[in-house]
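Structure first, then comments.
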Amino acid sequence: MKSGIEVGNPIITKMVENPMSPRRSGFQISIDVLKTIDSDIDKPTNIMYTCNLSWVSLKDTLKLLMSKGYIEEASKGLKHKRYTLTENGREALTYYNNLESLIVVTSN
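Residue numbering for the sequence shown follows our numbering, starting at 1 and increasing by one per position.
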């Protein structure tokens, strides 16, 4: 007997994210980058290794976070880029941490 949901259906696959999937969502990657920068790891290569991202994924995530006003370049005009959280970035991370503490997932 077939179930009502087709496993390989591309529409369903795009709409439903499996919470048990080993792959991170773009949201979770962004949170990981924000947490990493908040912990004083501010150089792009170090952020990339700490967050376990490819260079392209890191660049896309940094560009997104800068466009949203969550991070900024701390060393504009200098040879090496460094990033820092803005007030909005700190606030977003605080909201995320508060929400995470309210939602406790236990496995039985």
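All C-beta atoms, glycine included, are put in the ideal place defined by N, C-alpha and C.
ask   = Can you tell me the Cα-Cα spacing of residue 78 and residue 26, whole angstroms?
value = Distance between the alpha carbons of residue 78 and residue 26 is about 29 angstroms.
message = Give me the residue from 33, 22 and 99 with the minimum Cα distance to residue 120.
response = Past the edges of the chain, shown from 1 to 108, lies residue 120, and the structure says nothing about it.
task = Look at the Cβ atom of residue 81, then the Cβ atom of residue 22, and state whether they are nearer than 7 angstroms.
result = no
request  = Measure the beta-carbon distance from residue 37 to residue 83 and round it to whole angstroms, keeping in mind my assumption that it falls under 8 angstroms.
outcome  = Sure, about 5 angstroms apart at Cβ, within 8 angstroms.
key: Which residues DSSP lists as bridging residue 84, in chain order   = Residue 84 is bridged by DSSP to 72.
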